[in-house]
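Take the sequence shown: its position 9, counted from the start at 1, is 18 in this note's numbering, and no numbers get skipped. For every residue, glycine included, the Cβ atom is placed at its ideal position computed from N, Cα and C. What follows is a single structure, written as structure tokens, with notes after it.
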Amino acid sequence: MLPLHETIYRKSMISPKNLNPMTVEQALNLFNLTEPFSQEALQQRYEEARRIWHPSRYAGLTNNPAKYMEMYKKGEAKTKEIQAAYQFLSNHLRLQNESGTPSFTLEETPEQS
């Protein structure tokens, strides 16, 4: 049986191969949160960020067709970052609440095989 932190990590969609290493502090800064935080507060900030950075909405802020795709791609990238940070912080919070073990960063988690 895998240790709890490995099980949570493997269930997460975050992979160090497709995401720059993220720390808890960086993820919290993305949502303008500080520790301690609740799942409800994280969920609320996540939904706000997703609304702001949704690719179609963000790209729709310009009437310039040449800039539309550039802005759409920027919105896509930011949405992926928001999703990864949300999953990371949800796992971090779950790990703290369930096992009482110290927090972790992607740099400290084992590589997914």
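Item	Value
What are the boundary residues of the alpha helix (DSSP H) that L3 is part of?	Shown here, the chain extends from 10 to 122; a query on residue 3 therefore has no answer.
Check whether the Cβ atoms of L7 and L51 lie closer than 9 Å to each other.	Because the chain is modelled from 10 through 122, residue 7 falls outside the range shown and cannot be assessed.
What residue range is occupied by the uninterrupted alpha helix (DSSP H) comprising S65?	P64 to A68
Suppose you measure from the CA of A94 to the CA of N73; what does that come to, to the nearest Å?	31 Å
Taking 6 Å as the limit between beta carbons, can you name the residues of its chain near Y55, skipping five residues before and five after?	Y95
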